[in-house]
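*Asks:* Using the numbering used here, read the sequence shown as starting at 55 and increasing by one per residue. The C-beta atom is built at its ideal place from N, Cα and C for all residues, glycine as well.
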Amino acid sequence: MIDDKELAALFQAESEEHLQSLDEGLLRLEVNPQESTTLEQVFRNAHSLKGAARMLGVEGVEVLAHHFESALGGAARGQKALTPEIIDRLYRGLDAIRKLVKEAVTGANAGVDIEQVLAQLDGEEAAPTPTTEPAPEAEDSVPLGNQPPMAEAEPKAITFTTTPQTEVELASNQVSSLNEPAAPAHAAAPAQTAMVPADDAPTVAIEVADAQSSALTEVQDETSPITAPETTEISPRAANFKIETIRVEPTKLDALMTLAGELTVTTTRVTRGLAEFEAVAALWEEWQKDTTAMRSTFHELARRLQAETPNNVQRSGVANNTALKKLAAFQEREAARLEQLQALLRRLRQTTYEDVTRLNFVADEVEESIRKVRLLPLTNVFNLFPRMVRDLSRTQEKEVQLLVEGGETTADKRILEELKDPMMHMIRNAIDHGIELPQERERAGKPRLATLRLRGYQTATNVIVELSDDGRGLDVAAIKRSALKRRLHNEAELAAMSDEQVQLLIFSPGFSTSPLVTDVSGRGVGLDVVRANVEALRGSIQVDSAPGAGCRFRIQLPLTLATTRVLLVQVEGRTYALPVEWVQGAYYIAQQDIFSLEGRETTRLQGLPISIARLAHLLEVRSPSQPTRHDQNGAATQAKSASATKPQQSNLLPCIVLSIGEERLGLLVDSLVDEQEVMLKPLGAMLKRVRNVSGATILGTGEVCMILNPHDLIKSVQKSQVTVARLTPTEEVAERKIILLAEDSITTRTQEKRILEGAGYEVVTAVDGLDAFNKLNTRSFDAVVTDIEMPNMNGLSLAAKIRQDMKYKELPIILVTSLASEEDKRRGVEVGANAYITKGTFEQQVLLDTLGRLV
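(1) Determine the burial state of I800: buried for a count of at least 16 other Cβ atoms within 10 Å of its Cβ, exposed for fewer.
(2) Return the chain-ordered list of same chain residues with a C-beta closer than 6 Å to the C-beta of A62, the five sequence neighbours on each side being excluded.
(3) Do the CB positions of C709 and I768 come within less than 9 Å of each other?
(4) Less than 6 Å between C-beta atoms, sequence neighbours within five positions excluded: which residues of the same chain meet that for V112?
(5) Out of curiosity, what's the CA-to-CA distance linking T804 and T320?
(6) Does Y145 come out as helix, strand or coil in the three-state DSSP assignment?
(7) Taking the alpha carbon of L722 as the reference point, which residue from R743, N746 and Q645 has its own alpha carbon closest?
(8) How would you write the range of the beta strand (DSSP E) that T505 sits in, first residue to last?
(9) Under the three-state reduction of DSSP, which class applies to C605: helix, strand or coil?
(10) With a 10 Å radius around its C-beta and 16 neighbouring C-beta atoms as the bar for buried, classify S423 as buried or exposed.
(11) Determine the DSSP secondary structure at K773, reduced to helix, strand or coil.
(12) Buried or exposed: which applies to S350, given that a residue is buried once 16 or more other Cβ atoms fall within 10 Å of its Cβ?
(13) Helix, strand or coil: how does DSSP classify A63 here?
(14) Determine whether the beta carbon atoms of L794 and A820 lie at a separation below 9 Å.
(15) Identify which residue in M860, G812 and L873 has its Cα closest to the Cα of T840.
(16) Beta-carbon of L506 versus every beta-carbon of chain B: anything under 9 Å?
(17) Taking a contact to mean a Cβ-Cβ separation below 9 Å, would you say I485 touches K452 in this structure?
(18) Would you call the stretch 147-167 in contact with the stretch 71-89, where contact means no fewer than 3 C-beta pairs closer than 8 Å?
(19) Does any heavy atom of the ligand ZN sit closer than 8 Å to the C-beta of L673?
(20) Where do the N-terminal and C-terminal ends of the beta strand (DSSP E) with P440 fall, by residue?
(21) Spell out the partners DSSP gives F97 in its beta bridges.
(22) Determine the burial state of R323: buried for a count of at least 16 other Cβ atoms within 10 Å of its Cβ, exposed for fewer.
(23) Within the continuous beta strand (DSSP E) that includes M860, where are the two ends?
(24) Can you give the Cα-Cα distance for P601 and G593, rounded to whole angstroms?
(25) Within 10 Å of its beta-carbon, does S278 have 16 or more other beta-carbons around it, so buried, or fewer, so exposed?
(26) Could you compute how far the alpha carbon of T617 sits from the alpha carbon of T318?
(27) Compare the Cα-Cα distances from H72 to each of G105, V817 and V85 and report the closest residue.
(28) Assign T629 to one of three DSSP states: helix, strand, or coil.
(29) Please name the residue, chosen from D822, R790 and N831, that lies closest to E811 on a Cα-to-Cα basis.
(30) Pull up the CB-CB distance for F561 and R526, whole angstroms please, since I reckon it's below 8 Å.
(31) Ordered along the chain, which non-local residues of its own chain (more than five positions away) have a Cβ less than 6 Å from that of K879?
(32) Distance, Cα to Cα, K426 vs Q512?
(33) Determine the contact status of P764 and L559, defining contact as a CB-CB distance below 9 Å.
(34) Between the stretch 496-509 and the stretch 635-644, can you find at least three pairs of beta-carbon atoms closer than 8 Å?
(35) Who are the Cβ neighbours of I643 in its own chain at under 6 Å, not counting the five residues just before and after it?
(36) Please determine if the stretch 455-463 and the stretch 330-344 are in contact, where contact requires at least 3 C-beta pairs separated by less than 8 Å.
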């Protein structure tokens, strides 16, 4: 194991670059064994990998890489051809090297028998029986942020990773290392990347001039010693010292991106402050107008007073003149101050607007620059799949070629990291389910060689990844049979579905059409995970298929995950945010245009019917100011819907249309607020998955705002089986009664909760009396159902404490307990309980009837 963590990370990054390049090269050589350029590249990568392993003392990797070179040596010199058997041996050697690299970095035993692998590489041992295990997967791959695309590397440039050494030391060390004999029997050139332990300074990359590069990297004959060219002299100045690249930990980039998002939010808040500044300016202008008017009035009054007061007659007149002079002087001073204040406000307004404009520009530039630093080409992910396709198709005895397009398209580093697993599931699914055996394809008039096409491209707001095949396509009848078998839907529901809706069932949890469970498919784990992972990235996935013509999956992802643009809406006095990438548009619809279709509220937009839902009902929220049965102010009145209590200023209702693939849903809200860029904050581990909510943000006003999940909102409406009647502006909504249930036994608590929820009540549970009393003060309840014997605070103490508060004087309290003596019942009556039900003779109908009478 490499003890130095920095060197271990560098070795892992460099090794994965070489291993990935070797994988790609072998795939090309398998198609064209005589391609000399590829052969030289593969040979060079194996040589570099061997040198890096030697430098750090990773002997297993060094020995296997050397034998890998030897196996390629004959082909490189044109002495023997690369047969499929040799390619297979090289692949097995490559897999062993990858495991040994992981062992060197993590210390976990790789379980590689080096002698056996060497024998296989030398062709001295029969190949093991092929298994169904495809190419190595994600856990063996380096984090994407540490590896530049191999295609971008300069062929003649040599990068040395080093630490605080002078240029002279670096050059002399490299030259002297050329004169040292190689450790293995067959000498080889030193690694193109040499790593020296770090002491104090940060890692830098030193690019050596082309002349020295070619001298250092020239590969000599295997049996010839390697010596430094006598005519080559490297001096500090001649080395063209320049720091081209620095290594930055991905976590630091993540932190920078987070700070950039915070800067964007702060900019929004400052911009909102301009509106307050304008309000101050408007007040000042009104004050100035009033003051000017009062000054004119004062002068007029002073003139009249002087005209009415006889000169030198009354002493009061002299006093009046003095007072007038003082007031006149005050008026003059006020006028001067107002002029100064006006000049200050104008300058302040001008500079504030300039500063805010500049701040907006800088914030946008910072965020965009950091976002670009985090961008990586899709090739980093796409390059992982050719080997997997090769191995899996051979295992399944199918002939498949993978065509990749748009690998240069860039996406955020985290998106690429999270995209690998969904893509791997989809490729496995395509090969196992979609693509036919060669004989079957020939009978269908198709070429034996099937084609998988992987394509990436970018739109103005999204990154799109498509995977298509020319296989058999989705079998709608088979999907229906599997859905019935797995009880996902009944026959009536399936009959009412369109073919497009049936095809979407492949994303259901536990769904599979494979009759046999293997390590590749049949377990019902796959495409549901794909959709979950894609939606976790704020993306969507659609499928398009035609029988016999193949299948196409389309994944749509955002450009960045740090910030998102949202549409702010208001519902029942609260502000919620909807990501604009899923908002098709905002409309106003008339109440009379809403009708019922198949039990759901529906309207027509652009000539097409679209289901609508009231966002307040989906989120189960009511207005904070709406009176309830037993609120904290002691009100005990019947609540009404918001539409019944709010004044109807217009017959038009704001409707937000969400669009995800072919699915559309209209959401009725109270009002549209604004559209702005916000910083998306996760809800934390305690609230990792909240239905209909994907995160939260802090608005410019300081208000915490929930960011809604459009996927969940559409699913919530689809799962609703309750017929929704058409509501009129004055129609009242029957609301669910809310019960506070206090019970320390989890079994009893769960059972009673099920009973109450089955009867239509909304239930909030508490683990003891103290927990119940604390929750009582957080919202309004219709009744309290409590056990007596509980820790911290028992049920009797809870009931007594509730009754001490006058606002809960009429709140029904039901005691459900195993204590059945008359004394216990008497104590229950004394503390103010309305009913006493014993568990020994407990019948759920008794509890429900009691609640029905009390609430």
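*Replies:* Per the coordinate set shown:
(1) The residue you call residue 800 lines up with position 746 of the sequence shown. Around the beta carbon of I800, fewer than 16 other beta carbons lie within 10 angstroms, which makes this residue exposed.
(2) Residue mapping note: residue 62 aligns to position 8 of the sequence shown, counting from 1. Only I56 and V159 meet the Cβ criterion.
(3) Counting from one through the sequence shown, the residue named residue 709 turns up at place 655. Counting from one through the sequence shown, the residue named residue 768 turns up at place 714. No, Cβ-Cβ distance for C709 and I768 is not below 9 Å.
(4) Taking the sequence shown and counting its residues from 1, the one referred to as residue 112 is at position 58. Excluding residues within five positions, the ones whose Cβ falls inside 6 Å are A158.
(5) In the sequence shown, the residue the question calls residue 804 occupies position 750. In the sequence shown, the residue the question calls residue 320 occupies position 266. T320 has its alpha-carbon roughly 45 Å from the corresponding atom of T804.
(6) Counted from its first residue, the sequence shown places residue 145 at position 91. If DSSP states are grouped into helix, strand and coil, Y145 belongs with the helices.
(7) Residue 722 sits at position 668 when you count from the first residue of the sequence shown. Closest by alpha carbon: Q645.
(8) As a working mapping, residue 505 is identified with position 451 in the sequence shown. A504 to Q512 is the span of the beta strand (DSSP E), which, as asked, contains T505.
(9) Looking up residue 605 in the sequence shown gives position 551. Residue state, collapsed to three classes: strand.
(10) The count along the sequence shown starts at 1 and reaches residue 423 at position 369. It counts as exposed.
(11) Taking the first residue of the sequence shown as 1, we reach residue 773 at position 719. Three-state DSSP puts K773 in a helix.
(12) By 1-based counting over the sequence shown, the position of residue 350 is 296. S350 comes out exposed.
(13) Numbered from its first residue, the sequence shown carries residue 63 at position 9. Here A63 sits in helix by DSSP.
(14) In the sequence shown, residue 794 corresponds to position 740, counting from 1. In the sequence shown, residue 820 corresponds to position 766, counting from 1. L794 is a Cβ neighbour of A820, given a cutoff of 9 Å.
(15) Here residue 840 refers to the residue found at position 786 when the sequence shown is read from its first residue. Per the Cα distances, L873.
(16) Here chain B cannot be found, since the structure has a single protein chain.
(17) What you label residue 485 is simply residue 431 of the sequence shown in a count that begins at 1. What you label residue 452 is simply residue 398 of the sequence shown in a count that begins at 1. Result yes, Cβ atoms of I485 and K452 sit closer than 9 Å.
(18) These segments touch.
(19) The ligand ZN is not part of the structure shown, which contains no ligands of any sort.
(20) In the sequence shown, residue 440 corresponds to position 386, counting from 1. No beta strand (DSSP E) holds P440; the alpha helix (DSSP H) holding it covers F439 to T449.
(21) Along the sequence shown, one-based indexing puts residue 97 at 43. According to DSSP, F97 bridges with nothing at all.
(22) Within the sequence shown, residue 323 is the residue found at index 269, counting from 1. When all chains shown are included, R323 counts as exposed.
(23) Sequence index remark: in the sequence shown, residue 860 carries index 806 (1-based). No beta strand (DSSP E) holds M860; DSSP gives it neither H nor E.
(24) Stepping through the sequence shown from its first residue, residue 601 is reached at position 547. Stepping through the sequence shown from its first residue, residue 593 is reached at position 539. Our two residues, P601 and G593, have alpha carbons roughly 27 Å apart in a direct line.
(25) On the sequence shown, residue 278 is found 224 positions in, with the first residue counted as 1. Reliability of the predicted coordinates at S278 is poor, the pLDDT of 41 falling under 50, and the value obtained from them is presented with this limitation in mind. Its Cβ having fewer than 16 others within 10 Å, S278 is exposed.
(26) Numbered from its first residue, the sequence shown carries residue 617 at position 563. Numbered from its first residue, the sequence shown carries residue 318 at position 264. If I take the Cα positions, the gap works out to 9 Å.
(27) To locate residue 72, count along the sequence shown from 1; it is residue 18. Relative to H72, the option among G105, V817 and V85 whose CA is nearest is G105.
(28) Within the sequence shown, residue 629 is the residue found at index 575, counting from 1. Assignment of T629 by DSSP, reduced to helix, strand and coil, places it in the strand class.
(29) On the sequence shown, position 757 is the one that residue 811 refers to. Comparing Cα-Cα distances from E811 to each of D822, R790 and N831, the minimum goes to R790.
(30) Position 507 of the sequence shown, counted from the first residue, corresponds to residue 561. Position 472 of the sequence shown, counted from the first residue, corresponds to residue 526. About 19 Å separates the two Cβ atoms, so there is no contact after all.
(31) Working through the sequence shown from its first residue, we reach residue 879 at position 825. The answer, listed in chain order, is Y890.
(32) To locate residue 426, count along the sequence shown from 1; it is residue 372. To locate residue 512, count along the sequence shown from 1; it is residue 458. Rounded to whole angstroms, K426 and Q512 show a C-alpha spacing of 14 Å.
(33) Taking the sequence shown and counting its residues from 1, one reaches residue 764 at position 710. Taking the sequence shown and counting its residues from 1, one reaches residue 559 at position 505. Judged by beta-carbon spacing, L559 lies beyond the 9 Å limit of P764, meaning their Cβ atoms are not closer than that value.
(34) No: the two stretches stay apart, fewer than three of their Cβ pairs being nearer than 8 Å.
(35) Residue 643 sits at position 589 when you count from the first residue of the sequence shown. Within the same chain, I643 has close Cβ partners T657, L707 and C709.
(36) Taking a cut-off of 8 Å for Cβ pairs, the stretch 455-463 and the stretch 330-344 do not touch, as fewer than three such pairs fall below it.
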